[in-house]
Amino acid sequence: MTSLREKIKLSLDKNVKNRDEIATSTVRLILAAIKDHDIQFRTKKKGDLISDEEILNLLLNMIKQRKESVKIYSKAGREDLKKREEKEIEIINSFLPHQIKADELNTIVLESIKELDCSSIKDLGKLISFLKSKYPGQLDMQEVAEKAKKNLQ
Numbered sequence: 082m083t084s085l086r087e088k089i090k091l092s093l094d095k096n097v098k099n100r101d102e103i104a105t106s107t108v109r110l111i112l113a114a115i116k117d118h119d120i121q122f123r124t125k126k127k128g129d130l131i132s133d134e135e136i137l138n139l140l141l142n143m144i145k146q147r148k149e150s151v152k153i154y155s156k157a158g159r160e161d162l163k164k165r166e167e168k169e170i171e172i173i174n175s176f177l178p179h180q181i182k183a184d185e186l187n188t189i190v191l192e193s194i195k196e197l198d199c200s201s202i203k204d205l206g207k208l209i210s211f212l213k214s215k216y217p218g219q220l221d222m223q224e225v226a227e228k229a230k231k232n233l234q
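Here the numbering used here is used: position 5 in the sequence shown is 86, and no number is missing along the way.
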């Protein structure tokens, strides 16, 4: 099975051959961010390369940043820039596993609260850590936190 890192590198080769300018630059940005995190990882003497799970978190953060940009460009009336950011989100999303939607997420949060025997908002950190490791790259952690807070009073 190929690692996420290898998938991203293969995608770069494919996009360069297809002369897809936006996809090529987006994948290059992803690889640069991964390399940057690898360097930080080595500096902290934790190993040579970040794991696929950490790459997934990195990709989720990149999507989050682009969603913010889309909002800003929409308000500013910059349709061209907004479209580019949306295309980048689409490209980054292609490397992520199936994303869990809101209705499914509610069930998962409730079941996890029961499983971990969470009783108050003080258990939020434990719950989020559990869900992050159980569903790497599949959850919008901001949504998870909101749903968890509603259920943990």
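Just so you know, even glycine gets a beta-carbon here, dropped at the ideal spot from N, CA and C.
Contact set for residue i: own chain, Cβ-Cβ below 6 angstroms, skip 5 residues either direction
{"i": "L93", "result": "V108"}
{"i": "T105", "result": "N96 and V97"}
{"i": "P217", "result": "E134 and L137"}
{"i": "L130", "result": "D119"}
{"i": "S155", "result": "K163"}
Other residues of its chain near residue i: CB distance less than 7 angstroms, five sequence neighbours each side excluded
{"i": "N187", "result": "K228"}
{"i": "F211", "result": "S193 and L197"}
{"i": "L177", "result": "L137, L140 and G218"}
Assigned secondary structure, residue i (DSSP; H/G/I helix, E/B strand, else coil)
{"i": "K126", "result": "coil"}
{"i": "Q180", "result": "coil"}
{"i": "P175", "result": "According to the sequence shown, residue 175 is Ser rather than Pro. It is coil, neither helix nor strand."}
{"i": "I131", "result": "coil"}
{"i": "R86", "result": "helix"}
{"i": "R165", "result": "helix"}
{"i": "R159", "result": "coil"}
{"i": "N96", "result": "helix"}
{"i": "L137", "result": "helix"}
{"i": "D117", "result": "helix"}
{"i": "L91", "result": "helix"}
{"i": "L233", "result": "coil"}
Outcome for residue i when other beta-carbon atoms lying within 10 angstroms are tallied against a minimum of 16
{"i": "R123", "result": "exposed"}
{"i": "L208", "result": "buried"}
{"i": "E160", "result": "exposed"}
{"i": "Y172", "result": "For the record, residue 172 in the displayed sequence is Ile; it is not Tyr. Buried."}
{"i": "E166", "result": "buried"}
{"i": "L91", "result": "exposed"}
{"i": "I115", "result": "buried"}
Neighbourhood of residue i by C-beta, 8 angstroms cutoff - its chain only, sequence neighbours within 5 removed
{"i": "K230", "result": "I202 and L205"}
Mind listing, in chain order, the continuous alpha helix (DSSP H) runs of no fewer than 4 residues lying wholly within the region 186 to 227?
The region 186 to 227 contains these whole alpha helix (DSSP H) runs: 205 to 215.
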